[in-house]
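Sequential numbering from 1 applies to the sequence shown in the working numbering.
Even for Gly, the Cβ is constructed at its ideal location relative to N, Cα and C.
Just so it is clear, the structure is predicted and the values come from calculations on it, not from any experiment.
Scroll down for the structure; my scribbles are underneath it.
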Amino acid sequence: MKKLAIVTGASRGLGLATSEALAQRGYKVVMAMRNPEKAQKVINNLKMKDLDVVAMKLDVAQEKSINDFVEAFRREYGFVDVLVNNAGIFIDNEEGGDKSVFKTKASTIQKTLATNTIGPFLLTQKLFPLMKQEGYGRIVNVSSGMGQLGEMDGAYAAYRMSKTALNVVTRVFAAEAGGADVLVNSICPGWVKTDMGGQGANRTIDQGIKGILWAATLPKGGPNGGFFRDGEPIEW
Ligand SMILES: NC(=O)c1ccc[n+]([C@@H]2O[C@H](COP(=O)([O-])OP(=O)(O)OC[C@H]3O[C@@H](n4cnc5c(N)ncnc54)[C@H](OP(=O)(O)O)[C@@H]3O)[C@@H](O)[C@H]2O)c1
Numbered sequence: 001m002k003k004l005a006i007v008t009g010a011s012r013g014l015g016l017a018t019s020e021a022l023a024q025r026g027y028k029v030v031m032a033m034r035n036p037e038k039a040q041k042v043i044n045n046l047k048m049k050d051l052d053v054v055a056m057k058l059d060v061a062q063e064k065s066i067n068d069f070v071e072a073f074r075r076e077y078g079f080v081d082v083l084v085n086n087a088g089i090f091i092d093n094e095e096g097g098d099k100s101v102f103k104t105k106a107s108t109i110q111k112t113l114a115t116n117t118i119g120p121f122l123l124t125q126k127l128f129p130l131m132k133q134e135g136y137g138r139i140v141n142v143s144s145g146m147g148q149l150g151e152m153d154g155a156y157a158a159y160r161m162s163k164t165a166l167n168v169v170t171r172v173f174a175a176e177a178g179g180a181d182v183l184v185n186s187i188c189p190g191w192v193k194t195d196m197g198g199q200g201a202n203r204t205i206d207q208g209i210k211g212i213l214w215a216a217t218l219p220k221g222g223p224n225g226g227f228f229r230d231g232e233p234i235e236w
């Protein structure tokens, strides 16, 4: 049977490219996104390449949307092999002046945590049991070097906190695997040319997704509870 993957934030950027690449590797990919209607053209393009993809509605910042998504997903499929928690926002970079830690608003932190941390936490909490039941699962939390405590710099407090906390999500769920072949890892894609990374970034999208694909397709006995860039461990 085909392996089944869920990729969040699949409408564009790294999520879209990861979905296409997994489908090219023979996975059926549920492309979870806020606005499947708006992404119809993108999805049709993938289908025209004979890729097995389907769009489903999911706003990771809304608990009700997560519950509705998981319910619909369980009803339709009942199992999942790969979860890529990719959806993310970097609004302290977008809102003028907010990037200084002395200007960061509580609402910026709250919104960022809702999308980048709590969404992945809830989705993992609800889908992890399906993986444990099957005895197989790969969970990839798309984190960032900006969340590394060892490299912590000033500015962008909301985004940094959300990614450091996402790494905690990785560690706590990794510790719950209890001998099952369920591997949970954080990866940093590097600085990638997407809407978020901007055109000044030093990596292409293809380079950015390499580490995501590596973690999504790890063999049995692969690393669990780690933080990686390009398949190499990096400091927390
Ligand atoms: N690009 C980089 O340099 C870089 C570096 C390190 C880490 N990352 C991480 O990589 C991931 C992907 O980033 P990207 O560069 O591909 O960014 P992007 O081009 O801005 O795409 C972000 C994606 O997340 C989706 N999204 C945002 N909020 C969402 C929500 N509440 N529910 C569902 N989907 C939501 C967006 O959907 P809409 O189309 O609906 O807005 C979009 O598909 C993020 O977690 C980011 O933090 C990126």
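What three-state label does DSSP hand glycine 150 in the structure shown? helix
Would you call the stretch 23–38 in contact with the stretch 156–171, where contact means no fewer than 3 C-beta pairs closer than 8 Å? Flag = no, the stretch 23–38 and the stretch 156–171 do not touch.
Taking the beta carbon of methionine 161 as the centre, do at least 16 other beta carbons fall within 10 Å, making it buried, or is it exposed? buried
So threonine 194 packs on alanine 87, CB below 8 Å; how close in whole Å? Not really, about 12 Å apart at Cβ, beyond 8 Å.
Between glutamate 232 and glutamine 40, what straight-line distance do the alpha-carbon atoms span, to the nearest angstrom? 36 Å
For aspartate 181, which residues does DSSP report across the bridge? Tyr136
Cβ pair isoleucine 6, valine 80 closer than 8 Å: Going by C-beta atoms, isoleucine 6 is nearer than 8 Å to valine 80.
Based on the DSSP secondary-structure assignment, which residues constitute the bridge partners of phenylalanine 227? Ser186
Does ligand 1 have a heavy atom nearer than 7 Å to the CB of phenylalanine 90? yes
Return yes when the Cβ of arginine 138 is within less than 8 Å of the Cβ of valine 60, no when it is not. Not closer than 8 Å, so no.
Taking only runs that begin and end inside the stretch 50–138, name each unbroken beta strand (DSSP E) of 3 or more residues, in chain order. 53–57, 82–85
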